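What follows is a short report on a single structure.
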């Protein structure tokens, strides 16, 4: 069965500095991988997805993630954090069956 | 409708009462998921419907929880004899296919007093 581990429950960065949110997955098959974002009091929104095409995936709001099969990782990055990036981020894995969410990483952006 | 619709948006109930939460997915979406999000915690998978296949109920926390879906339309999540630990936001999501993008509703916030 597939599983996903988000290595940090909280990440704090200063505005303008890079963001790194880490995600490792376990899957028996070639997985599809997603990052979702949930802003306070808002619904979840898809940031980006990997479905076996290019290993570097670009998403909305300047975020991107790189699929590394050898490391079973799908870390989310952004070169320069903005205050509006403060939210909770979920890494999601799917292979043949249902989607499985990680526990989430809360991103705090300091001014 | 344009998106996934959930009702009620807020429900306050007394311990021991039954509640029913409704999800209206995007038309044509064959996959439907229910998740629970307790305060300060991540998403907890509850149940998954895919077309006319038998649902995956592996995430339901107890036999007080049940869900139904008629075909590829509306789904209801029922919690019987509610307990305080059932207090959470219950999220419904639908998808065009199993590994497709999930579209989430706004959630139903349940408070059990």
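Residue numbers (the working numbering), protein chains in the order written: chain A, 1375 to 1485; chain B, 46 to 158. Note that beta-carbon positions come from the ideal geometry of N, C-alpha and C, so glycine has one too. Note that this is a predicted model, so its numbers are computed, not measured.
For the region 1399 to 1423 of chain A, residues whose beta-carbon sits nearer than 7 angstroms to a beta-carbon of chain B comprise 1406, 1417, 1418, 1420 and 1423. Using beta-carbon distances, residue 110 (chain B) does not count as an interface residue toward chain A, since no partner is under 8 angstroms. For residue 1438 (chain A), the enclosing beta strand (DSSP E) covers residues 1438 to 1442. Contact annotation, residue 78 (chain B) with residue 137 (chain B): C-beta distance approximately 7 angstroms; criterion of less than 8 angstroms satisfied. Residue 1462 (chain A) and residue 1428 (chain A) have their C-alpha atoms roughly 25 angstroms apart. Cα atoms of residue 63 (chain B) and residue 126 (chain B): separation of roughly 5 angstroms, rounded to the nearest angstrom. For the set B:140, B:147, B:142 and B:135, the Cα lying nearest the Cα of residue 56 (chain B) is the one of B:135. Cβ-Cβ separation between residue 104 (chain B) and residue 90 (chain B): approximately 4 angstroms, consistent with a contact (criterion under 8 angstroms). Listed by position along chain B, the residues whose Cβ is nearer than 8 angstroms to that of residue 1395 (chain A) form an empty set, because the closest Cβ is around 13 angstroms away. Contact between residue 87 (chain B) and residue 1464 (chain A) holds, since their C-beta atoms are separated by about 7 angstroms, short of 8 angstroms.
Less than 8 angstroms divides the Cβ of residue 1379 (chain A) from the Cβ of residue 1476 (chain A). Between the region 1381 to 1391 of chain A and the region 97 to 113 of chain B there are fewer than three inter-stretch CB-CB distances shorter than 8 angstroms, so the stretches are not counted as touching. Contact annotation, residue 1417 (chain A) with residue 145 (chain B): C-beta distance approximately 17 angstroms; criterion of less than 8 angstroms not satisfied. At least one C-beta of chain A is nearer than 8 angstroms to the C-beta of residue 88 (chain B). Between the alpha carbons of residue 129 (chain B) and residue 142 (chain B) lies a distance of about 35 angstroms. Residue 1443 (chain A) is outside the set of residues whose beta carbon lies under 8 angstroms from a beta carbon in chain B. Chain-order list of chain B residues neighbouring residue 1464 (chain A): 87 and 88, by C-beta distance under 9 angstroms. Straight across, the Cα-Cα distance linking residue 1413 (chain A) with residue 109 (chain B) is about 31 angstroms.
Residue 96 (chain B) is classed as exposed because its beta carbon has fewer than 16 other beta carbons within 10 Å across all chains shown. For residue 1473 (chain A), there is no enclosing beta strand (DSSP E), as DSSP gives it neither H nor E.
Here the C-alpha atom of residue 149 (chain B) lies approximately 11 angstroms from the C-alpha atom of residue 1410 (chain A). For residue 1424 (chain A), the enclosing beta strand (DSSP E) stretches over residues 1418 to 1424. For residue 1478 (chain A), a Cβ of chain B is located within less than 8 angstroms of the residue's own Cβ.
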